[in-house]
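Asker:
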Amino acid sequence: MNAQRKRAIKTSSSELPTGRRKSSGIFGTKQHQLMGAILALIIGMILFVQLMAWSLVTTGEQRRHADSRMNTRNHHLARTYIPASTIDLPSYTRDMARRAIRPAPWTCGDKRVVVDPLTNVRPIFSFVHVYKAAGSTLRDFFERYSLICRKSWMVLISCTKVKSSSIRANEDWEGCRVKQVVNGRHVDLHNIDDAKGERPYPTVNNTILRENFDIYGGHIQIGSGDFIHGRPVTDFPSQTPPVRHIVFLRDPMARFVSGIMYEQKVGTIKESDADKSLEGTVALIKKRVRGSRKSNSYMTRSFRYLLTPFQNTANMTATDIRLSTPEENRAKAQAVAAIRNLVHYNVIMGMAEQMDKSMIILRHALVSDRYTDDDLREYIDDLFGNYDNERSTEEETEENGMISRPKERFNLSERNGVSTAVVLQELKKDDDFMQIFQEYVKFEQMIHDFAWEMHKLQLEEATQIELKNKL
Numbered sequence: 001m002n003a004q005r006k007r008a009i010k011t012s013s014s015e016l017p018t019g020r021r022k023s024s025g026i027f028g029t030k031q032h033q034l035m036g037a038i039l040a041l042i043i044g045m046i047l048f049v050q051l052m053a054w055s056l057v058t059t060g061e062q063r064r065h066a067d068s069r070m071n072t073r074n075h076h077l078a079r080t081y082i083p084a085s086t087i088d089l090p091s092y093t094r095d096m097a098r099r100a101i102r103p104a105p106w107t108c109g110d111k112r113v114v115v116d117p118l119t120n121v122r123p124i125f126s127f128v129h130v131y132k133a134a135g136s137t138l139r140d141f142f143e144r145y146s147l148i149c150r151k152s153w154m155v156l157i158s159c160t161k162v163k164s165s166s167i168r169a170n171e172d173w174e175g176c177r178v179k180q181v182v183n184g185r186h187v188d189l190h191n192i193d194d195a196k197g198e199r200p201y202p203t204v205n206n207t208i209l210r211e212n213f214d215i216y217g218g219h220i221q222i223g224s225g226d227f228i229h230g231r232p233v234t235d236f237p238s239q240t241p242p243v244r245h246i247v248f249l250r251d252p253m254a255r256f257v258s259g260i261m262y263e264q265k266v267g268t269i270k271e272s273d274a275d276k277s278l279e280g281t282v283a284l285i286k287k288r289v290r291g292s293r294k295s296n297s298y299m300t301r302s303f304r305y306l307l308t309p310f311q312n313t314a315n316m317t318a319t320d321i322r323l324s325t326p327e328e329n330r331a332k333a334q335a336v337a338a339i340r341n342l343v344h345y346n347v348i349m350g351m352a353e354q355m356d357k358s359m360i361i362l363r364h365a366l367v368s369d370r371y372t373d374d375d376l377r378e379y380i381d382d383l384f385g386n387y388d389n390e391r392s393t394e395e396e397t398e399e400n401g402m403i404s405r406p407k408e409r410f411n412l413s414e415r416n417g418v419s420t421a422v423v424l425q426e427l428k429k430d431d432d433f434m435q436i437f438q439e440y441v442k443f444e445q446m447i448h449d450f451a452w453e454m455h456k457l458q459l460e461e462a463t464q465i466e467l468k469n470k471l
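The sequence shown maps to residues 1 to 471 in full-length UniProt numbering.
1) With 16 other CB atoms within 10 Å as the buried threshold, where does ASP449 fall?
2) Contact between the region 209-217 and the region 293-305 is defined here as three or more beta-carbon pairs at a separation below 8 Å; is this criterion met?
3) Roughly how many angstroms lie between the CA atoms of ARG255 and THR420, to the nearest whole one?
4) Would you tell me roughly how many angstroms separate the C-alpha atoms of PRO241 and ASP95, rounded to the nearest one?
5) Please classify MET154: does DSSP put it in a helix, a strand, or coil?
6) According to the Cβ coordinates, are GLN221 and LEU307 closer than 8 Å?
7) Using the beta-carbon count (16 or more within 10 Å), is ILE148 buried or exposed?
8) Report the three-state DSSP secondary structure of ASN341 (helix, strand or coil).
9) Any contact of the region 289-300 with the region 432-446, i.e. 3+ C-beta pairs under 8 Å?
10) Figure out for me which residue from ARG150, ALA133, THR203, TRP153 has the closest Cα to the Cα of SER166.
11) Taking just the CA atoms, how far does LEU41 sit from ALA338?
12) Residues in its own chain within less than 7 Å of LEU457 by CB, not counting five upstream and five downstream?
13) Examine the Cβ distances between the region 127-140 and the region 351-360 and report whether three or more of them are shorter than 8 Å.
14) Work out the CA separation of SER295 and VAL418 for me, nearest whole Å.
15) For GLN311, tell me which candidate among LYS163, GLY184, TYR387, THR325 has the shortest Cα-Cα distance.
16) Tell me the DSSP secondary structure of MET35 in three-state form.
17) Roughly how many whole angstroms lie between the Cα atoms of HIS341 and LEU138?
18) Give me the Cβ distance between ALA103 and HIS344, rounded to the nearest whole Å; I'm assuming they're in contact under 8 Å.
19) Along the alpha helix (DSSP H) that carries ASN212, what are the first and last residues, could you check?
20) So the beta strand (DSSP E) SER126 belongs to, where does it begin and stop?
21) CB-CB under 6 Å to TRP106, same chain, minus the five flanking residues each way: which ones, in chain order?
22) Roughly how many angstroms lie between the CA atoms of VAL289 and CYS159, to the nearest whole one?
23) Note down the Cα distance separating ARG99 from GLU466, rounded to an integer number of angstroms.
24) GLY291 to PHE437, Cα distance in whole Å?
25) Are at least three pairs of beta-carbons, each pair with one atom in the region 380-389 and one in the region 275-285, less than 8 Å apart?
26) With distances taken between CB atoms, is the gap from SER152 to ASN183 smaller than 8 Å?
27) What first and last residue would you give for the beta strand (DSSP E) that runs through ILE465?
28) Are the beta-carbon atoms belonging to VAL367 and ILE348 less than 8 Å from one another?
29) Look at the alpha carbon of ILE26 and the alpha carbon of MET45, and state the distance between them as a whole number of angstroms.
30) According to DSSP, which residues form a beta bridge with ILE148?
31) To the nearest angstrom, how far is the alpha carbon of SER392 from that of TYR262?
32) What did DSSP end up calling LYS294 once you bin it into helix, strand or coil?
33) Give me the Cβ distance between THR207 and ASN170, rounded to the nearest whole Å; I'm assuming they're in contact under 8 Å.
34) Compute the Euclidean distance between the alpha carbons of ASP88 and THR281, then round it to the nearest angstrom.
35) From this set, ARG177, VAL243, ASP275, which residue's C-alpha is nearest LYS161's C-alpha?
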């Protein structure tokens, strides 16, 4: 009986549904519960991570949109500095400064063409005239220098949009026009009118410059002469480009103010902004700067001269620069490229704020202290002597007449006692506006500050060499 009961119980137990078998007792039930809890926890953690990631992305987008709106509405709160970690600038050494200002291999008064021993080609200088940075003064200077030392000088205009393809292919520089030529090689110093011509050349290209000119300049881009000698600059020794560039810069705020005053003077401004009084000029400048910052724009006018024809300024971006807006990225990238160009071409660096000191550098580079006769030495002393007693800011120079011209000629950006310096002084009384102004010019200021260090090294080298020569 007992055996039959056991067999019945065993048979009944084996016929239970699989999911309800209790061969393991209550331990099997707890194991399943634990596994379910762990699985639920894992799924919950995955969902939580995804939710947090989505939240961060959404918050970031909202923050960027909010920042963009804040920049538009409250542009005066924008940064007035550039984080040092975002700047990757080249170095500039004393040896580079010494090489930049090395004396031209020619003799003042000798019209024969010579060869630069460092490049094995004819020495040619290119003056890059940055807008409102002592360009008119320097054009007059190069004209007089060319007549004294029997060199040739060409003034070019409208050359900032010359296509790189035409330069590389030795085609005419489309859009670029010849304004004036002074050919001191073929005239007597005392008959200078014969040396001048308004447009003796219908156009300009590499061949015309290479075969006829020692110095050319105007509103042109740095690097325009890269193919003048028919070979790329990479074929020449490092820091010794075949065309030697001369660049003068000026404090960005002063340059901007001077540019506005010039527009008012010559009438290239709408009538409602033509009030030339101090108050009217200050109001116009504030209007222009605030309007530019409202659209996240920066002062970048010098870039059209300090970037080469081969650098696509319209599409320059910097994906590795993480600043607040695309406009800021682009302006920053262009400013860094401009600084690298100053170093790559190892330019002779002048500063309008120190015109007298800049002329010390320029004299060292252009005059090797060799003359065909003593009269020329006196002429050169007189030419550079015009700068010795000038005060050291271009604003003051403008108030007293341009130094290389007859004293009765005045710079067009000054009128009726309202000068660049006076306008700047008035603007500085408004602290809130000056914060906006500083932000507006910050990338031009970065270039100016770097150039100033180049200028100081070159001045030190020129001064030391001059002292050694006098011993």
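Ideal placement from N, C-alpha and C gives every residue a C-beta, glycine not left out.
Answerer: A quick look at the data gives this:
1) exposed
2) no
3) 8 Å
4) 15 Å
5) strand
6) yes
7) buried
8) helix
9) yes
10) THR203
11) 57 Å
12) TYR92, ARG94, ALA97
13) yes
14) 30 Å
15) LYS163
16) helix
17) Rather than His, the amino acid found at residue 341 in this sequence is Asn. Rounded to whole angstroms, ASN341 to LEU138 spans 21 Å at the Cα level.
18) Here residue 103 is Pro; the residue named in the question, Ala, does not match the sequence. Going by Cβ atoms, the distance from PRO103 to HIS344 rounds to 22 Å, so no, they are not a contact pair.
19) 206-212
20) 124-128
21) VAL114
22) 27 Å
23) 15 Å
24) 11 Å
25) no
26) yes
27) Unbroken run through ILE465 is the alpha helix (DSSP H), 431-470; no beta strand (DSSP E).
28) no
29) A caution first: ILE26 carries a pLDDT of 39, below 50, which makes its placement in the model too unreliable to give a value.
30) ILE148 pairs with nothing; no bridge assigned.
31) Reliability of the predicted coordinates at SER392 is poor, the pLDDT of 41 falling under 50, and no value is obtained from them.
32) helix
33) 6 Å
34) 37 Å
35) ARG177
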